Amino acid sequence: MLNIKDLHATLADGTEILKGLNLSVGKGEIHAIMGPNGAGKSTLSKVIAGHPSYRVTKGSVVFHGKNLLSLSVAERANLGFFIGFQYPLEIPGLGNEEFLRATIDAKHKALNLPKMNESEFSEKMKKTMQLLEMDSRYKERGLNEGFSGGEKKRNEILQMAMLEPSLAFLDETDSGLDIDALRIVANGINKLMNAERSVVLITHYQRLLDYAKPQFVHVIIDGKIAKSGGAGLALELEEKGYEL
Ligand SMILES: Nc1ncnc2c1ncn2[C@@H]1O[C@H](COP(=O)(O)OP(=O)(O)OP(=O)(O)O)[C@@H](O)[C@H]1O
Ligand SMILES: [Mg+2]
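Each residue of the sequence shown is one higher than the one before, counting from 14 in the working numbering.
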């Protein structure tokens with residue numbers, strides 16, 4: 014589904030952040046990416062999403078057989094890529110539900126699918142919010158406006174669940190979540206998984222991985238994957254640290 018080869022990316026000033034990164038994600042897989050602060054984990058997800066702060070200087074990213082790097086941000090999203098941000102933005106004045114309605118409409122239009130009717134949308138929104146144990150009042154509030162840290166993270170999962178991407182990079186979705194919210198969010202992730210969908214969990218801690226179990230764990234150090242392994246690698250790292 015996703016094939017990243019020898020990916021190099023720099024900031025506008027030429028500073029190289031990603032230094033030859035290789036990663037393959039197949040259908041129906043859960044991957045975890047760990048690694049020290051500043052290693053390039055968020056940069057990787059933003060480069061794949063098409064964030065304008067980064068320039069790809071070398072390498073390739075193929076997603077569903079297409080050259081992802083030649084596509085606009087919107088085209089990448091419409092092709093099925095989703096990013097759950099480490100620091101979700103607040104957009105006051107843009108209603109949470111209004112935003113999701115517009116996003117889904119835009120996606121359906123781009124893919125030549127019929128517009129989702131009002132009752133189908135409302136029902137899906139209601140069910141998803143129940144799954145994530147979110148109060149319906151969050152529909153009316155501005156996008157992430159005044160949301161607590163954990164509420165913002167939960168709202169990222171709401172967006173993911175509504176958009177049903179084939180590949181989601183969730184950047185530290187677990188940080189800031191309370192014990193119950195962690196379980197609820199992981200449950201939301203698991204419910205969305207199927208043979209066609211994949212998720213990459215960027216995390217610093219094992220605890221999310223207890224609930225959403227990865228088949229593959231990778232460690233990014235200094236802009237490239239320094240080690241990959243099975244689920245046991247996360248436990249080993251927690252015990253021994255990145256010196257390992
Ligand atoms: N837009 C930017 N402007 C300046 N520096 C940047 C920018 N984006 C990333 N960097 C730098 O690139 C490096 C990698 O950052 P990145 O956010 O990808 O790290 P990370 O692995 O996600 O770390 P953390 O675990 O703390 O979230 C850091 O040194 C960061 O300061
Ligand atoms: Mg980060």
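Note that the Cβ used here is the ideal one computed from N, Cα and C, for glycine as well.
Quick caveat: nothing in here was measured; it's all calculated off a predicted structure.
- Residue environment for residue 22: buried (at least 16 other C-beta atoms within 10 angstroms of its C-beta).
- Classified as exposed, residue 118 has fewer than 16 neighbouring CB atoms from the shown chains inside 10 Å of its CB.
- Residue pairing by DSSP leaves residue 114 without any beta bridge partner.
- Cα atoms of residue 155 and residue 149: separation of roughly 13 Å, rounded to the nearest angstrom.
- The alpha carbon of residue 142 has as its nearest neighbour, out of 201, 253, 105, the alpha carbon of 201.
- Residue 214 has its Cβ no nearer than 7 Å to any heavy atom of ligand 1.
- Here residue 185 really is in contact with residue 217; their C-beta atoms are around 7 Å apart, less than 8 Å.
- Distance check between residue 91 and each of 178, 188, 197, 172 places 178 closest, using alpha-carbon atoms only.
- Residue 214 places its beta carbon less than 8 Å from that of residue 45.
- Taking 8 Å as the cut-off, the Cβ atoms of residue 62 and residue 94 count as close.
- Partner residues in a beta bridge of residue 66, as assigned by DSSP, do not exist.
- Here the stretch 124 to 133 makes no contact with the stretch 75 to 86; the two share fewer than three CB pairs at distances below 8 Å.
- Taken in chain order, the unbroken stretches of alpha helix (DSSP H) that lie wholly in the stretch 132 to 203 and span 4 residues or more are 162 to 176.
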